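**Q** Under our numbering, read the sequence shown as residues 0 to 449, first letter to last.
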Amino acid sequence: MKNIFPGHYRPTENKFRQLWDSCIFALDANVLLNLYRYSPTTRKEFLSIFGGISDRVWIPHQAALEYQENRLPVIRQQADAYDQMKKQLVKNEDDLKKLLKSSLQPGRHPDVAVEPVLKAVRDVFGRLEEQLEKNKKEQLDLLDSDDIRQAIDRLVEGRVGPAYSPERMGEIAKEGKIRYDRGIPPGYLDTEKGGVEQYGDLVMWFQLLDKARESNKSIILVNDEKKEDWWQVVKDQTIGPQPKLIEEMRREAEVSFYMYRADRFMQSMTDYLKRTVTSDAINEIRDIRKLDEKDTRSRKREPLGYFSGAYARALLEMAGQREPLGYFSDAFARALLEKAMRDEERNALISRMLNKPSTLERVHMLPKLESALLARAEADAAMESIMGEVEQMGSRLGLDVPSADWNMATRTLFVTIGGKPDDATIETFREKLIERLPKGTTLALRFPEM
Numbered sequence: 000m001k002n003i004f005p006g007h008y009r010p011t012e013n014k015f016r017q018l019w020d021s022c023i024f025a026l027d028a029n030v031l032l033n034l035y036r037y038s039p040t041t042r043k044e045f046l047s048i049f050g051g052i053s054d055r056v057w058i059p060h061q062a063a064l065e066y067q068e069n070r071l072p073v074i075r076q077q078a079d080a081y082d083q084m085k086k087q088l089v090k091n092e093d094d095l096k097k098l099l100k101s102s103l104q105p106g107r108h109p110d111v112a113v114e115p116v117l118k119a120v121r122d123v124f125g126r127l128e129e130q131l132e133k134n135k136k137e138q139l140d141l142l143d144s145d146d147i148r149q150a151i152d153r154l155v156e157g158r159v160g161p162a163y164s165p166e167r168m169g170e171i172a173k174e175g176k177i178r179y180d181r182g183i184p185p186g187y188l189d190t191e192k193g194g195v196e197q198y199g200d201l202v203m204w205f206q207l208l209d210k211a212r213e214s215n216k217s218i219i220l221v222n223d224e225k226k227e228d229w230w231q232v233v234k235d236q237t238i239g240p241q242p243k244l245i246e247e248m249r250r251e252a253e254v255s256f257y258m259y260r261a262d263r264f265m266q267s268m269t270d271y272l273k274r275t276v277t278s279d280a281i282n283e284i285r286d287i288r289k290l291d292e293k294d295t296r297s298r299k300r301e302p303l304g305y306f307s308g309a310y311a312r313a314l315l316e317m318a319g320q321r322e323p324l325g326y327f328s329d330a331f332a333r334a335l336l337e338k339a340m341r342d343e344e345r346n347a348l349i350s351r352m353l354n355k356p357s358t359l360e361r362v363h364m365l366p367k368l369e370s371a372l373l374a375r376a377e378a379d380a381a382m383e384s385i386m387g388e389v390e391q392m393g394s395r396l397g398l399d400v401p402s403a404d405w406n407m408a409t410r411t412l413f414v415t416i417g418g419k420p421d422d423a424t425i426e427t428f429r430e431k432l433i434e435r436l437p438k439g440t441t442l443a444l445r446f447p448e449m
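(1) Please state if the CB of P161 and the CB of K243 are separated by a distance shorter than 7 Å.
(2) Along the beta strand (DSSP E) that carries G455, what are the first and last residues, could you check?
(3) Roughly how many whole angstroms lie between the Cα atoms of T415 and S384?
(4) How should E213 be labelled, buried or exposed, when 16 other C-beta atoms within 10 angstroms of its C-beta is the threshold for buried?
(5) Leaving out the 5 sequence neighbours to the left and right, which residues in its chain are closer than 7 Å to H463 when beta-carbon positions are compared?
(6) When the Cβ atoms of the region 266–285 are set against those of the region 251–258, are three or more pairs found closer than 8 Å?
(7) Specify whether the region 189–206 and the region 39–52 touch according to this definition: at least 3 beta carbon pairs, one from each stretch, less than 8 Å apart.
(8) For V56, write down the residues that DSSP places opposite it in a beta bridge.
(9) In or out: E129 buried (at least 16 other Cβ within 10 Å) or exposed?
(10) Under DSSP, the beta strand (DSSP E) around Q231 begins and ends at which residues?
(11) With 16 as the cutoff for other CB atoms within 10 Å, does Q67 come out buried or exposed?
(12) Pull the bridge partners of S38 from the DSSP assignment, please.
(13) Look at the alpha carbon of T521 and the alpha carbon of R167, and state the distance between them as a whole number of angstroms.
(14) Check whether the Cβ atoms of L46 and A150 lie closer than 7 Å to each other.
(15) Which residues in the same chain as L34 place their Cβ atom closer than 6 Å to its Cβ, once the five residues preceding and following it in sequence are excluded?
(16) Report the CB separation of I171 from V202 in whole angstroms; it is logged as a contact under 8 Å.
(17) Could you name the residues that DSSP lists as bridge partners for F256?
(18) Taking the C-alpha atoms as reference points, what is the distance between K431 and Q391?
(19) Using a 10 Å radius around the Cβ and a threshold of 16 neighbouring Cβ atoms, would you call P420 buried or exposed?
(20) R70: buried (16+ other C-beta within 10 angstroms of its C-beta) or exposed?
(21) Between S267, D422, W405, which has its C-alpha nearest R16's C-alpha?
(22) When the distance is taken between beta carbons, is V30 closer than 7 Å to D223?
(23) What's the gap between the Cα of E44 and the Cα of L208?
(24) If you measure between the beta carbons of V73 and L32, is that distance less than 7 Å?
(25) In terms of residue numbering, what span does the alpha helix (DSSP H) encompassing L154 cover?
(26) Under the rule that 16 or more other beta-carbon atoms within 10 Å means buried, what is S21, buried or exposed?
(27) If you measure from the CB of G6, is any heavy atom of the ligand NAP nearer than 6 Å?
(28) Which of helix, strand or coil does DSSP assign to L396?
(29) Could you give the distance in angstroms between the alpha-carbon of Y187 and the alpha-carbon of E434?
(30) Straight-line CA distance for Y413 to P437?
(31) Excluding the 5 residues preceding and the 5 following R300 in the sequence, name in chain order all residues of the same chain whose CB lies nearer than 6 Å to its CB.
(32) With a threshold of 8 Å on Cβ separation, who are the neighbours of E246 within its own chain once the five nearest residues in sequence on each side are excluded?
(33) So which of R9, A25, R445, K14 has the shortest CA-CA distance to F264?
(34) Where P356 and G439 are concerned, what is the direct C-alpha to C-alpha distance, given to the nearest angstrom?
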């Protein structure tokens, strides 16, 4: 089975060595953008490592474009981060002073003078604040004179792939709709971006395939992307690249494909290319990646943020939902409220409620919340009717539709299609079904036999 399903098997040690000996090392935009977040020492080491293999480095045009478009916002975000650290530092200093004053009261510790200790605290925190201001200024200076970009330019000079024509981009958009409906990676988790932006990952993937075909070389992609349309993830543990990516590269270009996060790549450099990489650099890169992953998981709880399920229950019951929630858990109440807050209008509505508006304003807003919940309930009822027709719609087009499942939490209709129907029939079925779906609903077609 290993030859039939190569994406589901980790390469042997010998295969890894063959891959590292001759492959192209491709970099995604997020790897380049993270250079602005590393310490100068780690950044210098990172660029030095890649400088040593620059003849094998390559950047897909889409990755280079996304780097250029996101460079300035990332610089600005880092400058803002220094402000946040300074605020936290001031708070910590105040807390420490209060603790010292209460602990070192006269009579408690007669041998300890309070003022010299407080002065030492002020001196230490003062130096830290000065350093943060210096770092912030250096970060903002990059807006005018970016030595990091200059170093990247030198590294990838002559090694950025060509752009696609408008005609090719149009073809990818059409193909992307079909791939995303089938859950074919990468990019199908970017549909919320809408427009052409949702196809950015897919454009880069096709450019990687083109490069592999043209060069007849395997590809290692260094990618700090976190989404599961790039990585195979089981219970928050990353197993490896999405198997379908490995198999598509093998099928379309007849070469191997593998991916690494930046920290794992740096670590593997010591094993396969005998390059010296300090543990401090690897640990810093890993720490930043883990912070990103933690931040991503915390954002999944928006828009309720840190508010409890009990708070959600109270809001729903105020909106006339007392009876349905009677014996359900607070977690269910929270999920129900978040489900009613998917679009921007509902987000704004609930945000105002959670910011403790006046009683009068709350009274005016509750009917709107109730209306939002009722609208979502009506959409769910409509889905029950549609699900009863899915099989018939498929039969009229000659499709075998063994199952249709409605996921209320993600508002996604999953439809399984048997056999190996042609693309035109699938597209007709998809368009007819989308016409019937309520607004805000996602359609996902599954093809277990294809």
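The C-beta atom is built at its ideal place from N, Cα and C for all residues, glycine as well.
These numbers were taken from a predicted model, which means no experiment stands behind them.
**A** By the coordinates alone:
(1) no
(2) Here the chain comprises residues numbered 0 to 449, so residue 455 is not present and cannot be evaluated.
(3) 18 Å
(4) exposed
(5) There is simply no residue 463 to check, as the chain begins at 0 and stops at 449 in what is shown.
(6) no
(7) Of all C-beta pairs linking the region 189–206 to the region 39–52, fewer than three are shorter than 8 Å, placing the two stretches out of contact.
(8) V56 is bridged to F24.
(9) exposed
(10) 230–233
(11) exposed
(12) None, per the DSSP bridge assignment.
(13) Residue 521 lies beyond the range of the chain shown here (0 to 449); nothing can be said about it.
(14) yes
(15) Correct list, in chain order: R42, I147.
(16) The Cβ separation is near 6 Å, so the contact holds.
(17) I218
(18) 12 Å
(19) It counts as buried.
(20) buried
(21) S267
(22) yes
(23) 30 Å
(24) yes
(25) From DSSP, the alpha helix (DSSP H) with L154 extends over 146–155.
(26) Exposed is the call here.
(27) The ligand NAP is absent from the structure shown, which contains no ligand whatsoever.
(28) coil
(29) 20 Å
(30) The residue you asked about is not Tyr; residue 413 is Phe in the sequence shown. C-alpha separation (whole angstroms): 14 Å.
(31) Here the model assigns R300 a pLDDT of 38, short of 50, so the residue's position is not dependable, and the following value carries that caveat. Excluding sequence neighbours, R300 sits near nothing in its chain.
(32) So the qualifying residues of the chain are F4, P5, G6.
(33) A25
(34) The predicted model places P356 with a pLDDT of 45, which falls under 50 and marks its position as unreliable; any figure quoted below should be read in that light. Their backbone Cα atoms lie some 28 Å apart in a straight line.
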